[in-house]
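Down below is the structure, laid out as structure tokens.
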Amino acid sequence: MRFSISPEMATQEVQPNETLSNLKAESDTLKTKLEDERAKLHDVELHQVAEKVDGLGQFIMKTRRTLKGHGNKVLCMDWCKDKRRIVSSSQDGKVIVWDAFTTNKEHAVTMPCTWVMACAYAPSGCAVACGGLDNKCSVYPLSLDKNENLAAKKKSVAMHTNYLSACSFTNSDMQILTSSGDGTCALWDVESGQLLQSFHGHAADVLCLDLAPSETGNTFISGGCDKKANVWDMRSGQCIQSFETHESDINSVRYYPSGDAFASGSDDATCRLYDLRADREVAIYSKESIIFGASSVDFSLSGRLLFGGYNDYTINVWDVLKGTRVSILFGHENRVSALRVSPDGTAFCSGSWDHTLRVWA
Amino acid sequence: MTISTLTRGGAQREQQHCLRKMERVIIAMQDPDIGLKMRNQRLLITVIPHAMTGNDIMEWLIQKYNITDEEAGHLGGLLVQYGYIYPLKEPRSLILRSDDSPYRFQTPYFWTSSRWPASELDYAIYLAKKNIRKQGELVDYEKQNYNLLHKRINHTWDFVVMQAREQIRASKQRRKADRIVLECQEQAYWLVNKPCPGAFDVFDLGPERCNVLNSRVILNRRALVRNRVKSSICLESFMKFCDQYHQHDPIMSGCLPSNPWISDDTTHWTINTDLVGTPTRLRVERWSFSFMELLNDCLGRREFMTYLEKEFSGENLCFWEACEDLRHGESSKIILKVEEVYKTFLSPGAARWVNIDSKTMERTLEGIKQPHRFVMDDAQMHIYFLMKKDSYPRYLKSDLYKNMLSKAIVPQETKKSVFPFMRRQRHSSPSPAMVSQATEDNGKAKGAGPAATNSGTLS
Numbered sequence: 001m002r003f004s005i006s007p008e009m010a011t012q013e014v015q016p017n018e019t020l021s022n023l024k025a026e027s028d029t030l031k032t033k034l035e036d037e038r039a040k041l042h043d044v045e046l047h048q049v050a051e052k053v054d055g056l057g058q059f060i061m062k063t064r065r066t067l068k069g070h071g072n073k074v075l076c077m078d079w080c081k082d083k084r085r086i087v088s089s090s091q092d093g094k095v096i097v098w099d100a101f102t103t104n105k106e107h108a109v110t111m112p113c114t115w116v117m118a119c120a121y122a123p124s125g126c127a128v129a130c131g132g133l134d135n136k137c138s139v140y141p142l143s144l145d146k147n148e149n150l151a152a153k154k155k156s157v158a159m160h161t162n163y164l165s166a167c168s169f170t171n172s173d174m175q176i177l178t179s180s181g182d183g184t185c186a187l188w189d190v191e192s193g194q195l196l197q198s199f200h201g202h203a204a205d206v207l208c209l210d211l212a213p214s215e216t217g218n219t220f221i222s223g224g225c226d227k228k229a230n231v232w233d234m235r236s237g238q239c240i241q242s243f244e245t246h247e248s249d250i251n252s253v254r255y256y257p258s259g260d261a262f263a264s265g266s267d268d269a270t271c272r273l274y275d276l277r278a279d280r281e282v283a284i285y286s287k288e289s290i291i292f293g294a295s296s297v298d299f300s301l302s303g304r305l306l307f308g309g310y311n312d313y314t315i316n317v318w319d320v321l322k323g324t325r326v327s328i329l330f331g332h333e334n335r336v337s338a339l340r341v342s343p344d345g346t347a348f349c350s351g352s353w354d355h356t357l358r359v360w361a
Numbered sequence: 001m002t003i004s005t006l007t008r009g010g011a012q013r014e015q016q017h018c019l020r021k022m023e024r025v026i027i028a029m030q031d032p033d034i035g036l037k038m039r040n041q042r043l044l045i046t047v048i049p050h051a052m053t054g055n056d057i058m059e060w061l062i063q064k065y066n067i068t069d070e071e072a073g074h075l076g077g078l079l080v081q082y083g084y085i086y087p088l089k090e091p092r093s094l095i096l097r098s099d100d101s102p103y104r105f106q107t108p109y110f111w112t113s114s115r116w117p118a119s120e121l122d123y124a125i126y127l128a129k130k131n132i133r134k135q136g137e138l139v140d141y142e143k144q145n146y147n148l149l150h151k152r153i154n155h156t157w158d159f160v161v162m163q164a165r166e167q168i169r170a171s172k173q174r175r176k177a178d179r180i181v182l183e184c185q186e187q188a189y190w191l192v193n194k195p196c197p198g199a200f201d202v203f204d205l206g207p208e209r210c211n212v213l214n215s216r217v218i219l220n221r222r223a224l225v226r227n228r229v230k231s232s233i234c235l236e237s238f239m240k241f242c243d244q245y246h247q248h249d250p251i252m253s254g255c256l257p258s259n260p261w262i263s264d265d266t267t268h269w270t271i272n273t274d275l276v277g278t279p280t281r282l283r284v285e286r287w288s289f290s291f292m293e294l295l296n297d298c299l300g301r302r303e304f305m306t307y308l309e310k311e312f313s314g315e316n317l318c319f320w321e322a323c324e325d326l327r328h329g330e331s332s333k334i335i336l337k338v339e340e341v342y343k344t345f346l347s348p349g350a351a352r353w354v355n356i357d358s359k360t361m362e363r364t365l366e367g368i369k370q371p372h373r374f375v376m377d378d379a380q381m382h383i384y385f386l387m388k389k390d391s392y393p394r395y396l397k398s399d400l401y402k403n404m405l406s407k408a409i410v411p412q413e414t415k416k417s418v419f420p421f422m423r424r425q426r427h428s429s430p431s432p433a434m435v436s437q438a439t440e441d442n443g444k445a446k447g448a449g450p451a452a453t454n455s456g457t458l459s
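Protein sequence lines, in the order shown, are assigned to chains A and B.
In this text, residue positions in the first sequence follow full-length UniProt numbering: the first is 1, and each later residue adds one.
In this text, residue positions in the second sequence follow full-length UniProt numbering: the first is 1, and each later residue adds one.
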């Protein structure tokens with residue numbers, strides 16, 4: 001029997017007399033119907049379509065820079081738009097701004113908390129944001145006066161009720177998007193510290209987020225301990241799409257460069273690709289020999305390669321289209337906790353619990 | 001017993017942490033060492049094993065939690081109301097009497113947390129059993145429920161009656177004491193799960209919270225009517241994208257003259273600074289990939305503006321930029337910016353009036369009365385698509401663009417150094433923070449491209 005829902009019914013709110021048991025039954029039915037609908041349009045697999053594409057030749061990437069200076073586990077890093085500067089944060093509360101090209105440290109701030117799990121560079125290059133166990137996200141304007149204490153100009157922007165897991169500036173220095181262990185994401189006005197929008201829908205800690213590169217620039221994705229990856233409308237606060245195929249916590253989400261898809265890395269030792277228009281998972285990047293979780297993922301500029309930093313100290317490089325592993329990079333001596341490709345795609349940087357960051361090209 | 005196990009049971013019940021806590025108390029109460037001393041209780045002429053008095057329960061609670069009589073009475077009462085302990089005398093009265101009234105622990109099989117929601121079929125069987133055993137044993141509300149069920153699940157009524165008869169027959173073969181215990185347990189379960197109307201209802205949970213189940217249902221309903229695109233089309237677009245950008249991906253194809261990270265030569269960055277005099281060919285080509293590529297590149301945007309101005313439609317781009325500034329700017333400047341945008345672009349006779357369709361204009365003007373960050377979204381989108389569909393394709397065909405393309409430079413690939421061990425000096429660059437402090441003009445300072453200088457050599 002064909003199950004049909006009219007558009008009106010789809011937008012109906014749940015009626016107050018709907019009992020919990022009815023809801024549960026409906027939820028399950030809907031889930032099955034949804035899987036069916038999604039499957040109907042799935043007429044081909046990615047690796048099949050990719051058969052006609054040339055395979056990748058021998059792949060050589062080496063560590064070109066090693067940034068030493070953190071006294072403890074590096075937890076997060078972000079690139080500056082100038083393609084060479086980096087901000088990184090670590091377990092001991094230190095946030096360092098480097099010119100990764102020369103490996104010089106340019107600024108250093110000591111946060112009042114340990115485990116600074118999130119840091120981000122402002123689009124202008126004039127400030128950095130960071131936070132962690134203090135449940136806040138603070139913005140530090142970068143002063144060039146070597147004598148000036150950066151901490152003095154610190155501005156507290158976001159306040160959550162649990163640890164800050166990720167933060168990112170939007171298109172300008174004026175707004176910050178945060179995700180937290182309290183299960184929510186939030187959008188803040190930097191100048192006033194005002195909460196502009198909050199995003200509820202995850203059933204557990206939210207661990208990561210990424211902003212869409214799309215032309216309307218209004219959505220972002222988040223991944224959490226509830227194994228779900230959600231797509232959000234920044235304006236309305238609504239969750240517009242949700243994907244739940246991972247078997248464990250999602251540690252990292254990153255948009256494909258065109259904005260039509262995104263990749264995720266999870267504790268279940270797989271990375272997956274989700275297409276937003278097909279509304280389904282379209283690829284799984286995994287190998288039996290990879291047992292430890294992927295902590296951080298990012299695409300190369302063309303989207304052909306997916307770099308994944310793993311908890312077994314390695315970096316696996318995947319052919320996004322063919323689904324095969326192109327290369328495995330060794331070098332770090334502990335977990336890889338952060339990984340980002342540079343803004344112009346010339347290199348990528350990995351941060352690790354071995355206290356160092358490495359730039360690979 | 002045929003009470004069906006609802007294995008998925010109560011995602012909602014998960015939320016009732018109090019049930020978990022109650023169970024912990026109950027388990028402690030039954031602990032052989034620290035728990036209650038149970039004994040046989042005489043009920044009329046039958047001896048019921050493992051029972052305790054209301055008084056015992058009170059004493060234990062007082063002792064264990066170091067609380068007053070009153071509090072113990074209250075807590076004990078709750079345990080009875082939620083079905084974890086049931087009275088043997090006056091079973092319909094779910095209260096804790098602090099005298100020698102006999103009580104028993106409910107078997108975990110019938111715990112509120114494990115048997116929820118109660119199945120209609122099971123309830124029907126239970127009522128049918130009662131009806132068959134003793135006509136008239138059903139009280140009013142039970143009779144009503146029975147009749148309702150008879151109507152609702154009429155198609156399985158034969159099954160219901162058959163099950164009821166079977167269960168009665170099976171129970172007759174048990175020892176009397178066991179039979180009574182089982183009947184009490186079952187009765188207690190139903191008293192909690194299908195209470196008399198007006199009595200305390202443990203399922204009265206207040207207004208529906210935005211619980212996970214609720215929002216998931218709404219999400220899934222919406223998802224069902226979403227327009228989806230066939231996989232073959234979506235995946236094909238990945239092929240195209242990867243192919244189109246292949247040459248532009250330094251990790252895949254290398255970059256000219258060389259990758260700075262490998263060669264230590266920053267020429268690649270120098271020739272690609274934001275507002276460089278002559279851009280590279282790859283860069284200008286990229287402007288033709290999508291409208292967004294053109295707009296995201298400062299140089300591209302400037303060129304496009306020049307083109308639009310020639311066509312007397314420069315105000316479109318200015319309007320778009322002003323809207324972006326509004327959307328991404330400080331909250332405190334919103335009202336001011338909205339006013340400015342209105343004055344410059346929307347008001348009748350405005351200096352740089354933009355041509356928006358009347359419906360959108362009406363909506364926008366209405367919205368301006370209560371300005372907010374997104375008030376220009378509709379208008380902005382309209383102008384964006386106008387430029388994208390009309391001006392942009394013409395720009396790509398224009399002489400302006402073609403000249404840019406032909407002038408664009410294609411750097412020579414740097415030959416590999418003859419002495420590979422000789423490392424170049426790595427030059428530092430001015431920090432974007434300094435460069436922007438030096439610039440006078442306002443607005444978002446885009447990441448300023450660093451010019452490689454000879455200041456300082458660092459390795």
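We put the beta carbon where it would ideally sit given N, CA and C, even for glycine.
The structure displayed is predicted, hence computed values, not measured ones.
Bridge partner(s) assigned by DSSP for residue i
{"i": "A/LEU284", "result": "Correcting the residue identity first, residue 284 of chain A is Ile in this sequence and not Leu. The partner list for A/ILE284 (beta bridge, DSSP) reads A/ARG272."}
{"i": "A/LYS154", "result": "Looking at the DSSP assignment, A/LYS154 forms no beta bridge with any residue, so it has no partner."}
{"i": "residue 437 of chain A", "result": "No answer is possible for residue 437 of chain A: it lies beyond the span of chain A, which begins at 1 and ends at 361."}
{"i": "A/SER222", "result": "A/LEU209, A/ASN230"}
{"i": "B/PRO371", "result": "DSSP, once it has assigned bridges, lists no residue as partnering B/PRO371."}
{"i": "A/SER27", "result": "BP columns for A/SER27 are empty, so no partner."}
{"i": "A/ILE250", "result": "A/SER266"}
{"i": "B/THR53", "result": "B/PRO102"}
Which listed residue (the options) has its alpha carbon closest to that of residue i
{"i": "A/SER289", "options": "A/PHE299, A/VAL282, A/TYR310", "result": "A/TYR310"}
{"i": "A/VAL128", "options": "A/LYS33, A/ASN104, A/TRP98", "result": "A/TRP98"}
{"i": "B/PHE241", "options": "A/GLY57, A/THR178, A/ALA50", "result": "A/ALA50"}
{"i": "B/ILE62", "options": "B/VAL25, B/PRO87, B/HIS50, B/TYR82", "result": "B/VAL25"}
{"i": "B/ASP33", "options": "B/THR344, B/TYR146, B/TRP60", "result": "B/TRP60"}
{"i": "B/GLU186", "options": "B/ASN40, B/CYS255, B/ALA118", "result": "B/ALA118"}
{"i": "A/SER266", "options": "A/HIS160, A/TRP188, A/THR63, A/GLY308", "result": "A/GLY308"}
{"i": "A/ASP275", "options": "B/SER231, B/PRO257, B/MET305, B/LEU308", "result": "B/SER231"}
{"i": "B/THR156", "options": "B/ASP249, B/SER313, B/ASP265, B/ALA124", "result": "B/ALA124"}
Whole-Å CB distance - residue i paired with residue j, under 8 Å assumed
{"i": "A/SER264", "j": "A/VAL253", "result": "5 Å"}
{"i": "residue 462 of chain B", "j": "B/SER93", "result": "Outside the shown range of chain B (1 to 459) lies residue 462 of chain B, about which nothing can therefore be said."}
{"i": "A/HIS355", "j": "A/VAL74", "result": "6 Å"}
{"i": "A/GLY125", "j": "B/PRO432", "result": "3 Å"}
{"i": "A/LEU67", "j": "A/ALA108", "result": "In fact, because the Cβ distance is near 12 Å, the residues do not count as touching under 8 Å."}
{"i": "A/ASP54", "j": "A/PRO123", "result": "No, A/ASP54 and A/PRO123 are not in contact; Cβ-Cβ is about 36 Å, not under 8 Å."}
{"i": "A/ALA120", "j": "A/CYS185", "result": "Rounded, the Cβ-Cβ distance is 14 Å, inconsistent with contact."}
{"i": "B/THR278", "j": "B/ASN272", "result": "Not really, about 11 Å apart at Cβ, beyond 8 Å."}
{"i": "A/SER88", "j": "A/LEU357", "result": "6 Å"}
{"i": "B/ILE57", "j": "B/ILE85", "result": "7 Å"}
{"i": "B/ALA408", "j": "B/VAL284", "result": "5 Å"}
Contacting positions in the segment 229-240 of chain B - beta carbon closer than 7 Å to chain A: Here the close residues are VAL229, LYS230, SER231, SER232, CYS234, LEU235, GLU236, SER237, PHE238, MET239.
Could you tell me whether the segment 137-151 of chain B touches the segment 169-181 of chain B, where touching means 3 or more Cβ pairs closer than 8 Å? Under the three-pair Cβ rule at 8 Å, the segment 137-151 of chain B does not count as touching the segment 169-181 of chain B.
Can we say the segment 101-110 of chain B touches the segment 68-75 of chain B, given the rule of at least three CB pairs closer than 8 Å? Under the three-pair Cβ rule at 8 Å, the segment 101-110 of chain B does not count as touching the segment 68-75 of chain B.
How about the segment 344-359 of chain B and the segment 367-385 of chain B: do they share at least three Cβ pairs that are nearer than 8 Å? Result yes; three or more Cβ-Cβ pairs closer than 8 Å.
Closer than 9 Å, Cβ to any Cβ of chain B: which residues of the segment 171-194 of chain A, in chain order? Along the segment 171-194 of chain A, the positions whose C-beta sits under 9 Å from a C-beta of chain B are ASN171, SER172, ASP173, MET174, GLN175, ASP189, VAL190, GLU191, SER192, GLN194, read in chain order.
To be precise: take each residue of the segment 81-98 of chain A, compare its Cβ to all Cβ atoms of chain B, and keep it if any distance is under 9 Å. Which residues remain? Taking 9 Å as the Cβ-Cβ cut-off against chain B, the residues of the segment 81-98 of chain A that qualify are LYS81, ASP82, LYS83, ARG84, ARG85, VAL97.
At a Cβ cut of 8 Å, what residues of the segment 256-283 of chain A count as close to chain B, listed as they run along the chain? From the segment 256-283 of chain A, only TYR256, PRO257, SER258, ASP260, ALA261, ASP275, ARG277, ALA278, ASP279, ARG280, VAL282 have a Cβ closer than 8 Å to chain B.
Does the count of Cβ pairs from the segment 325-335 of chain A and the segment 25-43 of chain A closer than 8 Å reach three? Taking a contact to require three or more Cβ pairs closer than 8 Å, the segment 325-335 of chain A and the segment 25-43 of chain A do not qualify as touching.
Using a Cβ-Cβ cut-off of less than 8 Å, list which residues of the segment 57-79 of chain A approach chain B; keep chain order. Within the segment 57-79 of chain A, the qualifying residues are MET61, ARG64, ARG65.
Please list the residues of the segment 265-282 of chain B that have a C-beta atom closer than 8 Å to any C-beta atom in chain A, keeping them in chain order. So the close ones are THR266, HIS268, TRP269, ASN272.
Output needed in chain order: residues of the segment 103-121 of chain A with a Cβ under 7 Å from some Cβ in chain B. Those residues of the segment 103-121 of chain A that come within reach of chain B (Cβ to Cβ, closer than 7 Å) are ASN104, GLU106.
For the segment 317-326 of chain A against the segment 36-47 of chain A, are there 3 or more C-beta pairs whose distance is under 8 Å? Enough Cβ pairs lie closer than 8 Å, so yes.
If contact is defined by three or more beta carbon pairs under 8 Å, each pair taking one atom from either stretch, is the segment 76-87 of chain A in contact with the segment 336-343 of chain A? Touching, per the Cβ criterion.
If we count Cβ pairs, one from each stretch, closer than 8 Å, do we get three or more for the segment 285-295 of chain B versus the segment 127-146 of chain A? The segment 285-295 of chain B makes no contact with the segment 127-146 of chain A, as fewer than three CB pairs between them are under 8 Å.
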